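A.B. asks: Would you mind keeping the following structure in view while I ask a few things?
Number of protein chains: 2
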Amino acid sequence: MKLSIICKGCMAQLHMPVVIRGILSIPFRLFGVKPSRMNPNICTMCEETPKWLSSFVEKRKNKPIPATVLFADIRGYTDISQALDQPNLAYLLSNFYESCSSVIWERDGIIGKLIGDAVLAIFNFPITRQDHVKQAVWSGIELQKKCKEIKARFTKQEEEISIGVRVGIHKGDVFIGDIGQACRDFTAVGEVVNLAARLQGAAKTCEVLVSESVYQFVKDDFPKAQSRVCTLKGIKDPVTVYALEV
Amino acid sequence: MKLSIICKGCMAQLHMPVVIRGILSIPFRLFGVKPSRMNPNICTMCEETPKWLSSFVEKRKNKPIPATVLFADIRGYTDISQALDQPNLAYLLSNFYESCSSVIWERDGIIGKLIGDAVLAIFNFPITRQDHVKQAVWSGIELQKKCKEIKARFTKQEEEISIGVRVGIHKGDVFIGDIGQACRDFTAVGEVVNLAARLQGAAKTCEVLVSESVYQFVKDDFPKAQSRVCTLKGIKDPVTVYALEV
């Protein structure tokens, strides 16, 4: 057993070693600090960091953070939910969540939210990485690869159900923190989040659709990406998007 | 100070008094049991009840529960997010969450999820009520009344932004519990949840749109409700819906 595994979030944000696994984590557990559900390499304190941090570091208060936002969902989920019974539906979702978490956690992203058949992931907070855009894109690509297996499995079981995953990625300044008072929620807010969600909605099945600003960071990895111009709901101007080959 | 406020969820599900506020809650706090964010009248144990309960009461395992599901969102949120800066956007959301939670908690519902500009609420779990359908509907009506104030306030501040809330409600058997393993989430799953979400999507601004099965329970309260037939995305057959006057 390792003596200590340190919270990557607290290290990145505060340069403070918070032990989340191993024998040395016992005193932290007594104060309720444990691995987060959003990413087991960060601690539950990180889920409230911005507010909590802001009392120490005033300048960070309510400031947007540069981050990459990834949305993924299961296309045709409403159709599937009518064809599958509830245990099978729960099994499908559970599988999807596991696939998402493994590829996102491996690249230091966090699962910001699970919303039925959709996942919102954030990269560069609280674990900071210079190459967060690239990490997010490769998470998306790996997710598509993993989900091909799920797809194959379900198509075999009931032939008429065809499912697939859609991924949308955008980058920019995002407000990350607790919203609300009595009823509060750790979430990411802003135009960047909305555009990422719209990109996911505009993606075809098994596609990773990224914005132009994201593509600039990965164009060497995906020189043959197809670009197209999309009109997205609620977004004023048409947007140039790139579909990355999986 | 009251000696003890008891978790309504544990009382309803297990007939077990779990103290969540007051002096007698101290021993429970030591074990990490505290008021839930989903509804401060239930405890954090309730958030994992079905799985946890199932080890005691085998027959409940993975069984769907009769419940009413309410979705609410802010129409035009993507537009607003481009016009407002992030602190104002956070303020708007925070206000919306507070409005939702106050009307939902008052009627023994729980906030299942906060999803950006949308809220998923569940009635009849873990606090059981015979009249859960009625309670959900009246929550929706009260939410619309509350949000008229928000609307008025924001329209004044920047004249071109008009916002409004949409509510969709459906009832039926729902799977409620933790989905996933390493990456898990307390959520409600099933056709009923999807249809409620689609009803919300089909609602006009400031409208409470309910399914026929919900309307049967409240037709005496809303004798003048307008019905219409909607084709909803992902739902095979057209659905008869009722728009309740606020």
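Protein sequence lines correspond, in order, to chains A and B. Take my numbering: the final residue in the first sequence is number 246, and no numbers are missing along the way. Take my numbering: the final residue in the second sequence is number 492, and no numbers are missing along the way. Cβ coordinates follow ideal geometry from the N, Cα and C atoms, glycine included. Because the structure is a prediction, the values reported are computed rather than measured.
1) Alpha carbon to alpha carbon, how far is Asp466 of chain B from Gly436 of chain B? Give it in angstroms, no decimals.
2) Straight-line CA distance for Phe125 of chain A to Asn334 of chain B?
3) Between the region 66 to 82 of chain A and the region 36 to 43 of chain A, do at least 3 Cβ pairs fall closer than 8 Å?
4) Does Glu48 of chain A come within less than 7 Å of chain B when only Cβ atoms are used?
5) Counting Cβ pairs closer than 8 Å, one from the region 238 to 246 of chain A and one from the region 256 to 272 of chain B, do we hit at least three?
6) Rounded to the nearest angstrom, what separates Ser385 of chain B and Arg129 of chain A at their Cα positions?
7) Cutting at 7 Å between CB atoms, please list the residues of its own chain near Lys470 of chain B, excluding the five before and the five after it.
8) Determine, for Glu437 of chain B, whether the minimum Cβ-Cβ distance to residues of chain A falls below 7 Å.
9) Taking 7 Å as the threshold (C-beta atoms), are Ala188 of chain A and His170 of chain A in contact?
10) Which whole-angstrom value is the C-beta distance of Glu212 of chain A and Thr240 of chain A, which I expect to be below 8 Å?
11) To the nearest whole angstrom, what separates the beta carbons of Glu258 of chain B and Ile357 of chain B, a pair I think is in contact under 8 Å?
12) Mind checking the region 325 to 342 of chain B against chain A and listing, in chain order, the residues whose C-beta falls within less than 8 Å of any C-beta there?
13) Against chain A, does Phe421 of chain B count as a neighbour if the rule is that its beta carbon must be under 7 Å from one of theirs?
14) Straight-line CA distance for Phe317 of chain B to Ser4 of chain A?
15) Please look up how many angstroms separate the CB atoms of Gly164 of chain A and Arg75 of chain A, rounded, as I've assumed it's under 8 Å.
16) Count the other CB atoms within 10 Å of the CB of Glu48 of chain A; is the residue buried (16 or more) or exposed (fewer)?
17) Between which two residues does the alpha helix (DSSP H) carrying Gln427 of chain B extend?
18) Just checking: is the beta-carbon of Ile150 of chain A within a distance shorter than 7 Å of some beta-carbon in chain B?
19) Would you kindly work out how many angstroms separate the C-alpha atoms of Ile272 of chain B and Val174 of chain A, rounded to a whole number?
20) According to DSSP, what are the bridge partners of Thr324 of chain B?
21) Excluding the five sequence neighbours on either side, which residues of its own chain have a C-beta within less than 7 Å of the C-beta of Arg430 of chain B, listed in chain order?
C.D. replies: In short, the structure shows the following:
1) 29 Å
2) 22 Å
3) no
4) At a cut-off of 7 Å between C-beta atoms, Glu48 of chain A does not count as an interface residue with respect to chain B.
5) Flag = no, the region 238 to 246 of chain A and the region 256 to 272 of chain B do not touch.
6) 44 Å
7) Glu491
8) yes
9) no
10) About 5 Å; that satisfies the 8 Å criterion.
11) The sequence shown places Ala at residue 258 of chain B, not Glu. With 8 Å as the limit, Ala258 of chain B and Ile357 of chain B do not qualify as a contact, their Cβ atoms being about 17 Å apart.
12) Asp325, Ser327, Gln328, Gln332, Pro333, Leu335, Ala336, Leu339, Ser340
13) yes
14) 43 Å
15) 5 Å
16) exposed
17) Premise fails: Gln427 of chain B is in no alpha helix (DSSP H) and is neither H nor E.
18) no
19) Spanning the two alpha carbons is a distance of roughly 38 Å.
20) For Thr324 of chain B, which the question treats as bridged, DSSP gives no partner whatsoever.
21) Asp424
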